[in-house]
Every structure is written in structure tokens, then in C-alpha cells.
Amino acid sequence: MGTLRYAASRLLQAIGLVLAVVVLNFVLVHAAPGDPVETIAGASGGMSPELMAQLRTQYGLDKPLPVQLFVYLGKVVRGDLGYSYFFNLPVTNLIAERVPATLLLVLSSVLLTFVVGTALGVLSSRKPNGWLSQFINVLSLVGFAAPVFWLGIMLVILLASVFPILPVAGMRAIDSSGTGGLADMVDVAYHLVLPTLTLSLVYLAQYSRLARSSMLDVLGSDFIRTARAKGLADRVVLYKHALRNALLPVVTVLGLQFGNVLAGAILVETVFNWPGLGRLAFESVLRRDYPTILGVLLFSSIVVVVMNQLTDLCYRFIDPRIKAS
Amino acid sequence: MPLPRFTRRTTLLSAAFFGANTLLALPAFAADEPKRGGTLVIGSTQTPRHLNGAVQSGIATALPSTQIFASPLRFDDKWNPQPYLAESWKLADDGKSLTLKLRKDALFHDGKPVTSADVAFSIMAIKANHPFTTMLGPVEKVETPDAYTAIIRMSVPHPAIVLAMSPALCPILPKHIYGDGQDLKNHPRNSTDVVGSGPFRVTDFKPAQRVVLERFDKFFLPNKPYLDKIIVNITPDSASLILGLERGDIQMVPFATLPTDLKRLANDPKVSLTPKGYEGIGALNWLAFNTAKKPLSDVQVRKAIATAIDKNFITKALMGGFATVSDGPLVASSPFAVTDLVRYPLDLKKAGEMLDAAGYKAGAGGERFKLTIDYLPGADDQQKNVAEYIRGQLKKVGITVEVRASADFPAWAKRLASHDFDLSMDTVFNWGDPIIGVHRTYLSTNIKPIVWTNTQSYANPKVDELLNTAGSLIDATQRKAYYATFQKIVTDDLPIEFINQVPYHTVTSKKLANVPTTIWGPMSPMDEVYFK
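Listed in order, the protein sequences are those of chains A and B. Just so it is clear: in the first sequence, position 173 is 173 by the numbering used here, and no numbers are missing. Here the numbering used here = 1-based position in the second sequence + 1000.
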């Protein structure tokens, strides 16, 4: 199949998938007890039934659920994600404001885990029983076992409270105006360290184990023996012959990781007061702010689907045999 | 250019003469004189929907709204009204009109003057849109005989009208902005480019993240505010707020209640904490009974349950001694609160006998009947822990209680609103005048499918009559007499077992002076706050 036709068919699949996700999200979100108007009345310390009824009509919540779904789908197709019930602002504005923070966090975490995780895996595969390998093994075990929020809190206590070298929370210094200049970028980078580390530790462990076992697999195969027999340098065998083949499973995980990291971001963003989509989603759920929750979920599902498609395309690039089949 | 030498007297004179801006160029006088400048970072877990307190109640919006919008009056820490936008005011002897004389030099942040037309517009807007319908309910119209006089006319005498002029309840909106015919609850200017006449103007509002306020240079009170900037930094996680306070990133955390945090901060030499400033909201924790359901419809059963609960244990052990016991529907600091209440001291034996007498004898295994208890999620120290304690206590007198957790606020609110509960812990605010925050819980006409109404289904014609009369009397002494009877009856009927006053504290850096401790505390203008 040609790459173009292949991409087109995958695009169609992706659109269908995203639509299904929207419908599923809609049903799930509405299945939670309580409704947004009650939350708004709660935030107000009480409200008259007339006012509540008026709000329900205004938000279209008085209509049957299938009608609401239909109306929502109609809007989404036209690119309108509606208004946040709680903030009374367009959902697209809210999301647009939060996207950069989350992407920054997710990308830095993915980059860190991919590069460092693979490197650790490769290192420990060279001498599978050496002390370095053992050490990396223990580290990855801890990384696997510890819950994200706990790691986050421990890191905060250690690096922000006991040794106050890093900021506790937020994306910038509190009185920063966020001008985007060099000083601002340094400030953001400084604030990025703890959340990125927290979000990355689990995946770091996953990558290093995966890269290690994958490398060990490849290193034991015939063509590596051939390469060595040809008298190629160790470095060339390791990086040119083995790594390229060993990367395939790692890239698979990379695609999947994107979705997981987005989910992990909800916790990390809440712990570190990181002004991203995860926190927005979490808080919107607490308020039953349907349009905002659905908007964030839609956006994240699009990102995940796109990333998965890109992963598949990457396969074809890394391993030409996949194209043939 | 050398500065002329100023004595304090000539300074004050020149300040009065030249206006506030002259003082900007002056050196500080003495150590105890307020200093200008500085940025105050307030850490808050409360997320405002928007910044317009005229159409949105609650502490989240009130904190920034009272900085942005000025109100006709403000209040000191003894419940006395003070001039603010209004220089003077007069409640008519018949209690049916309030005349406000406005000061003539007040400006909105866009430079337009504040006039009686804005006051008239705002009051009618609040009446039509604010969730507290009883607050301005009797207001019929606002007359504006001249640009600086506003006369509020009411259909019946309405004593709460003066308190309703508070910053947290009556922000004066610019008519030239909000009078464009758009629905005020959803007005775009509630969130963007917000314009008021208060001490600070908004320069940045990021929903659920932060509000940045800067000194309004043409604020009507000379030389105020002292601070250059206030940043309200919103963080859902209170632990990181406390950490920020300890590190000095944050200088004020209002509405702090967590005993572990308070205990830790009380020992921190860099911060001070005060429980003052929460008299206005008057927050109570209580155990609500669903009096429409058996066996809680039997007052003897409710009394027996109350007798099995030790409030002192709750405030001292569960809340670390930071909370005080509450025995009645009014917060103890309210001018209408009385001490002549029916009380239920802990006596497990007596509680058992009361249940026997009510016809609920212990069956096999010592169990009399089963109940469920809900609690308001979000503040375990104030709610969940108390519910668990009550479960343990009631077990001792033969009542099996199942604690029902709610995943989040909407889930709990749904149960309360649909009256689908036996017992529930709850936190409810007095909101200053009983008309605003107390009547709603006890009037039989307010039994509604809405959270924070009379979800207890309590109905007593005598109480209805007492509240309705007290709500229409102008003379405070007479009013207090009616509320005294009401408090006695309600603590005897016991639709609610009052537990404790919510131990709200304002925690501040010791560098901060004039921390707001008026009855509205952090929900009042911080024009006098300064850094030492």
C-alpha cells in the first residue's frame, strides 16, 4: 500500500474513533450524579428554584439527553465546543490558554524518558550482570512501584522544602508577568523540573527495562554475531546494527506513553499547580462543567490518536519491512 | 531638587490640599506609619467563577470583588457601619427607606464618576440576579433625586438593608458598562476588563489560576491603598499554599481551617494567625436531621442522638482546639446570638433511656435501628472525621450508622437536594444578618429541592411567625427578643444538632500590617493593608 493511501485510510479511522470517543465521554460524564446548576447554586451558597430552572434552560440541560448529545455533536462538527458553565467563557479559549503548559510538560517528560530511558537500557544491556546494570534495575523497580502523587510530594518535600532549591508549584514566579523573554523562559524551565521529574520517573523505569531487554534480544541474534565476526567496532555494532532494531518496541511504547502521560498530567498538574489541561479537566469534573470536560477530553483524544498514527508511520520509517507487509 | 522639610502636620495639610498623589514623593515618617508599596500575594484554594460579586455570592468571588468594587458602606469589627462610597446614610423610622448620600469624588477605574444612577442600577441588578433573594427582596425601587443621593424604597420594613450595603454583598457596578441590556449573570465584563471603583483594578485574570490587582491611583480615599499590587494565587492544594507561606512566596492565606496546618503555622515565628474576620460569614458545622423520615421525625430520637455526641471532643481532639463549640443557629459573635439555649450534654446512659422511652428498644445484638450519615466532601477534618466519630458514638447507644461517602460536591449536593439522607454533616454560613443566611434553613416555606435550603423539612408555624416578624422589625433590641425565642425553640425542636463554628483563620506573614479583621475579614477592601 502506498504511504499516501495508507495515511488517508488511517485518517478516516481516526475520525471515526474520535467521534466514538466523544459519544462515550458524553454518556459517561452525564452519568455522574449531580448537575452543574446544583454546583453553581452551591458555589453561591444557595439559589432560588426559579434561577436554577432559568440556568438549566439556558444551558439546555432541561432537554432529554439524546437531544443534548445531538446538539453537542452538531456544534463540535462545526468546531464549536460551547461555553464553560462555571467560568462562562468559551471552552476553546480555556483550552487554548492551557494547552501550551500541558504540551510543555508532556513533551519534556516524553523527551526525557525516551532519551534517558533508552540510554540507561542500552548501558545496562552491555554488561547485563554488571553493577551499573543492577543499579539501574533497582532504580527502575522503585520507579515502577511508587505512585506518581507520592513521588511528587516526596520530591517537593526534599527539593522545595528541606533543600529549597526548586519552587514548590506553579509555572512561573508568582509575580512574573510572563513576557516570554529569556528570563521568563529560565523561570519556566526552573519550575518545570519537579513536575517533569515526577511525571517521568515511572516511564523512565519502563523505557530502561524495555530498551534493555530489547537490546539483549537483538544482541543475541545471528546478524550481530556476523557483524562482530566481520570485525566491526563495538560502537558500530551496538548503535548502528543493534539499536535501530531494538528501538521498535520502544517506539511503540512512546506512542502509548503519550496518552498515559496526558492522564498522569492530571495528578501532576494538581500537585504542582501547573496551569495545564489536566488540572482544568479535573476541576471541571468536580463542577460538572460538561462542555469544558468534554472539550478537554476531545482535545486529548485527538492528540492521542494523532500520536498513535505518527507512531505507526515511524515504524515504516525505522523498519522498511513493515511497509512491505 | 532638595525636598522641603515636612512635619506631620504640614504633610497632612498638604495632602488634603493637593490630593493623595503629593504623598508619593515623600519619605516615610516613622516606623509605625503605613508604608506604601509592595506586592501582596494571597494564596487561596477558592476558585472564583468570575469577579462580579453583584451576581455571584460566595467567598471565592467576594475576595477579589471587594477589592475591585466599592460599596455604599463598610463595616468595622464590631458590626458598626462606616462610610465608604456613601458619606452618610439614614434608615427611615418606619424602616421602609434608606437614604444614601454619596461622596462626590469617587471614580470608576475608567475615569467616569460614581453617581446615584450607578447605585440605583446596581441595587436593582443585585436584587434581580444575586442568589440571596431575601437580602434585597423587599426593595421596590431606588430613587435618585440628584446625582449623589440614592433613596432605597422598600415594601416592608427591612432591617437587613444596612448590612446588605457591605462590600461583599453590594458592589456598585458602572451602569455605563453593565447597563447594555445583556444578561448580567453572563456578562462578558464579569471576567474581562472588569471596572469598579474600589482600591484596586484588575490587570490580569486567568480563570482558576490567578487574579492580578494593581493600585487604582484615583481611588477616592486619599493616600490609599498602600499596596502597589495584590495577586490572588489560586491553588487547589492547600499543602502547597502552606509551604509557599513558610517559604515566603505567599504572604496571606485566608480561610485556613486544617488543624495540622494551623498547629504547624502557630509555631512558625515568621507568620501570625488570627481567627478574627469571620464573624460576618458566620460559618457553622452541623449535623442535619431529615425530620421527614422515621425515626428521625421523632424529636426524642433526635435529642437522644444529640445527647450521645460530645462536641468538646470534636473541637478539642478532632480539630486540635482551634474550633469552638456551637450550640445554636446563630454564630456566637452575631449581635442577635443568645446563650439561653437548650443544650444536650454528653450522657450515653441517658441517651439510651431516651431511645427506650421513644419506643426504640434494643433488639438482638443491642441494635435499635439503622441510619445513614453523609458529609460534605472536601474538608475531612471538619466533616468526614466528625461523621466517623458520630458513627462510633451512636454505635454505643445501639444505633448502627453507615457513613456514606460522596465522590465530590455535586454528588453530595444531589443527595441533600433530593432529601435522600437520614443524617448529614454540613457547613452553612450565617452571612451576617439572619435574614440573609439563617431564615432559609428554618422557614417551612423554604423546604425546596435545593441544597442549603430547609432540606431538613423542618416546619414549625411558631418559628415561621417569629422569623417573619423579626425580619421586619427595625429596632435591634426588639428583633433580638424575637430571635432569642427562635433560638430557644429551634434548639429544643432540634432539626439540626449544632456542632461547632468553622475555625477559619487568616494566616499572614509577620511583615504584613493591618490584616483585615473586620466582620467580613478577607472579604473587605484591603486598602489599609501594608508591609512594615
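The beta-carbon is built from N, C-alpha and C at its ideal position, and this holds for glycine as well.
Excluding sequence positions up to five away, which residues of its chain have a Cβ less than 7 Å from the Cβ of residue i?
{"i": "A1413(B)", "result": "V1451"}
{"i": "D1268(B)", "result": "E1246"}
{"i": "F1108(B)", "result": "V1114, P1174, V1195, G1196 and S1197"}
{"i": "K1510(B)", "result": "K1270, V1271 and S1272"}
{"i": "V250(A)", "result": "T118, Y207, L210, A211 and S214"}
{"i": "P90(A)", "result": "Y83"}
{"i": "D319(A)", "result": "L248"}
{"i": "F114(A)", "result": "Y207 and L254"}
Could you tell me the distance, in whole angstroms, from the CA atom of residue i to the CA atom of residue j?
{"i": "Y1504(B)", "j": "S1071(B)", "result": "24 Å"}
{"i": "V1403(B)", "j": "D1380(B)", "result": "13 Å"}
{"i": "H1176(B)", "j": "R1153(B)", "result": "23 Å"}
{"i": "A1407(B)", "j": "K1448(B)", "result": "23 Å"}
{"i": "V106(A)", "j": "H191(A)", "result": "14 Å"}
{"i": "A388(A)", "j": "V236(A)", "result": "This structure cannot settle anything about residue 388(A), because the visible part of chain A is limited to 1 through 325."}
{"i": "V1142(B)", "j": "A1120(B)", "result": "5 Å"}
{"i": "P167(A)", "j": "V156(A)", "result": "8 Å"}
{"i": "L123(A)", "j": "N137(A)", "result": "11 Å"}
{"i": "A1292(B)", "j": "Q1456(B)", "result": "7 Å"}
{"i": "L216(A)", "j": "R126(A)", "result": "8 Å"}
{"i": "F86(A)", "j": "S1191(B)", "result": "12 Å"}
{"i": "V271(A)", "j": "A1239(B)", "result": "9 Å"}
{"i": "L1243(B)", "j": "S161(A)", "result": "7 Å"}
{"i": "G1277(B)", "j": "G1437(B)", "result": "17 Å"}
{"i": "E38(A)", "j": "P1410(B)", "result": "7 Å"}
{"i": "F1255(B)", "j": "A1283(B)", "result": "11 Å"}
{"i": "V1515(B)", "j": "A1266(B)", "result": "16 Å"}
{"i": "E97(A)", "j": "N1233(B)", "result": "17 Å"}
Could you spell out the range, first to last residue, of the beta strand (DSSP E) harbouring residue i?
{"i": "F317(A)", "result": "No beta strand (DSSP E) holds F317(A); the alpha helix (DSSP H) holding it covers Y290 to I318."}
{"i": "S1272(B)", "result": "V1271 to T1274"}
{"i": "F1205(B)", "result": "F1200 to K1206"}
{"i": "Q1501(B)", "result": "I1496 to Q1501"}
{"i": "A1283(B)", "result": "A1283 to F1289"}
{"i": "E1528(B)", "result": "Careful: E1528(B) lies outside any beta strand (DSSP E) and carries neither H nor E."}
{"i": "T1372(B)", "result": "F1369 to D1374"}
{"i": "S1097(B)", "result": "S1097 to L1102"}
For a contact defined as C-beta to C-beta under 7 Å, what are the partners of residue i on chain B?
{"i": "S48(A)", "result": "T1133"}
{"i": "S161(A)", "result": "L1243"}
Starting from the C-beta of residue i, find all residues in its chain whose C-beta is less than 6 Å away, skip the five residues before and the five after it, and write them out in chain order.
{"i": "S109(A)", "result": "T196, L199, S200 and V261"}
{"i": "L1163(B)", "result": "G1432 and D1433"}
{"i": "D1105(B)", "result": "F1220"}
{"i": "F1322(B)", "result": "P1259, L1262 and P1503"}
{"i": "A1060(B)", "result": "Q1046, T1047 and P1048"}
Since residue i meets chain A, which of its residues come closer than 9 Å, beta carbon to beta carbon?
{"i": "H1050(B)", "result": "F87, N88 and L89"}
{"i": "S1191(B)", "result": "F87, N88 and L89"}
{"i": "A1417(B)", "result": "G34, E38 and A41"}
{"i": "K1384(B)", "result": "Under the 9 Å cutoff, chain A gives no residues; its nearest Cβ is about 16 Å from K1384(B)."}
In chain B, what lies closer than 8 Å to residue i by C-beta?
{"i": "P164(A)", "result": "R1247"}
{"i": "D35(A)", "result": "P1410 and K1414"}
{"i": "M384(A)", "result": "Because chain A in this structure spans residues 1 to 325, residue 384(A) falls outside the shown range and cannot be described."}
{"i": "V168(A)", "result": "S1240, L1243, G1244, R1247 and D1249"}
{"i": "L286(A)", "result": "D1408, F1409 and P1410"}
{"i": "T102(A)", "result": "Ordered by position in chain B, no residue passes the 8 Å Cβ test against T102(A), which lies about 13 Å from the chain."}
For a contact defined as C-beta to C-beta under 9 Å, what are the partners of residue i on chain B?
{"i": "L256(A)", "result": "Within chain B, no residue comes near L256(A); the closest Cβ sits about 28 Å away, beyond 9 Å."}
{"i": "T270(A)", "result": "P1236 and D1237"}
{"i": "L51(A)", "result": "N1129, P1131, T1133 and K1185"}
Quick one: residues in its chain with C-beta nearer than 8 Å to the C-beta of residue i, no 5 flanking neighbours on either side, listed in chain order?
{"i": "T1324(B)", "result": "T1315, A1332, N1500, Q1501 and P1503"}
{"i": "T1203(B)", "result": "V1212, L1213 and E1214"}
{"i": "G1179(B)", "result": "F1121"}
{"i": "G152(A)", "result": "L194, P195, T198, L267, V268, V271 and F272"}
Against residue i, what residues of chain A qualify as contacts under a CB-to-CB distance less than 7 Å, listed in chain order?
{"i": "P1207(B)", "result": "F87, L89 and L94"}
{"i": "V1451(B)", "result": "E38, A41 and G42"}
Could you check where the alpha helix (DSSP H) with residue i kicks off and where it finishes?
{"i": "P195(A)", "result": "L182 to L219"}
{"i": "A227(A)", "result": "D222 to A229"}
{"i": "I1068(B)", "result": "I1059 to I1068"}
{"i": "W1412(B)", "result": "F1409 to A1417"}
{"i": "V261(A)", "result": "L243 to V271"}
Run the proximity test for residue i: is its beta-carbon closer than 7 Å to any non-hydrogen atom belonging to the ligand GTP?
{"i": "L1102(B)", "result": "Although the ligand GTP was asked about, the structure shown includes no ligands whatsoever."}
Would residue i count as contacting chain E if we go by Cβ distances under 8 Å?
{"i": "N273(A)", "result": "Any reference to chain E falls outside this structure, whose protein chains are A and B."}
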